[in-house]
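Here is the structure we will look at, set down as structure tokens.
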Amino acid sequence: MQGQKERDQCYKPILEELNSLFPSRCNKRPPTCLVPGAGLGRLALEISCLGFVSQGNEFSYYMMICSSFILNQTQNTGEWTVYPWIHSNCNSLSDSDQLRPVSFPDIHPASEGLLKDSPCVVVTLLKSIVIQVK
Ligand SMILES: C[S@@+](CC[C@H](N)C(=O)[O-])C[C@H]1O[C@@H](n2cnc3c(N)ncnc32)[C@H](O)[C@@H]1O
Numbered sequence: 035m036q037g038q039k040e041r042d043q044c045y046k047p048i049l050e051e052l053n054s055l056f057p058s059r060c061n062k063r064p065p066t067c068l069v070p071g072a073g074l075g076r077l078a079l080e081i082s083c084l085g086f087v088s089q090g091n092e093f094s095y096y097m098m099i100c101s102s103f104i105l106n107q108t109q110n111t112g113e114w115t116v117y118p119w120i121h122s123n124c125n126s127l128s129d130s131d132q133l134r135p136v137s138f139p140d141i142h143p144a145s146e147g148l149l150k151d152s153p154c155v156v157v158t159l160l161k162s163i164v165i166q167v168k
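So in our numbering, the last one in the sequence shown is 168, and the numbering has no gaps at all.
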């Protein structure tokens, strides 16, 4: 899965720490976690999949527009494709490097992890995102 290695390096220690701090979680009264500077909301989503009510705070509307789109509007995995390197040939060894597609989302936020079979409430507020286990 694309980006998994990088996510493991950054997110795994955080997820493991949360897991050890709150070992007995239940869906009825899940613990709450704030993610400051949540960017596209992936860490906030991973934390919600762990069984937390997860709130991401973000001040960039560029990030908020994208996270809102991914969290609230996507229907399937791999639904959308972007070409992130299309506008630059810097460090590209071949045309195929520059034309490499990236599909997203790699997981569907509303139907993965603990949220499966129990749809999550994904709300985008003015400057924060809230991902809640229902
Ligand atoms: C390096 S990115 C990390 C994104 C995300 N946590 C991740 O792991 O992929 C830092 C994010 O923090 C946001 N940020 C920085 N200062 C902030 C602040 N004072 N309030 C809210 N968001 C902030 C930036 O807009 C950026 O999206």
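Every residue gets a Cβ at the ideal spot worked out from N, C-alpha and C, and that includes glycine. Keep in mind the model is a prediction, meaning the values are calculated, not measured.
Under 7 Å between C-beta atoms of residue i and residue j
i    : j    : result
F138 : W114 : yes
G37  : V69  : no
E92  : Y45  : no
P47  : L105 : no
S94  : S88  : no
Q132 : N123 : yes
From the options, residue whose alpha carbon lies closest to that of residue i
i    : options                 : result
P64  : S102, G37, D129 and L55 : L55
P57  : I104, A144 and G85      : G85
V116 : V87, E50, G75 and R134  : R134
M98  : G75, T108 and C124      : G75
Q43  : L77, A72 and N61        : L77
G73  : S102, E40, E51 and L52  : S102
G71  : Y96, C60 and S145       : Y96
Distance between beta carbons of residue j and residue i, contact taken as under 8 Å
i    : j    : result
T108 : D140 : With a Cβ gap of about 11 Å, T108 and D140 do not count as contacting.
C67  : L52  : 7 Å
Report all residues for which the CB-ligand distance to some heavy atom of ligand 1 is below 5 Å; order them along the chain.
G71, G73, L77, E92, F93, S94 and M97
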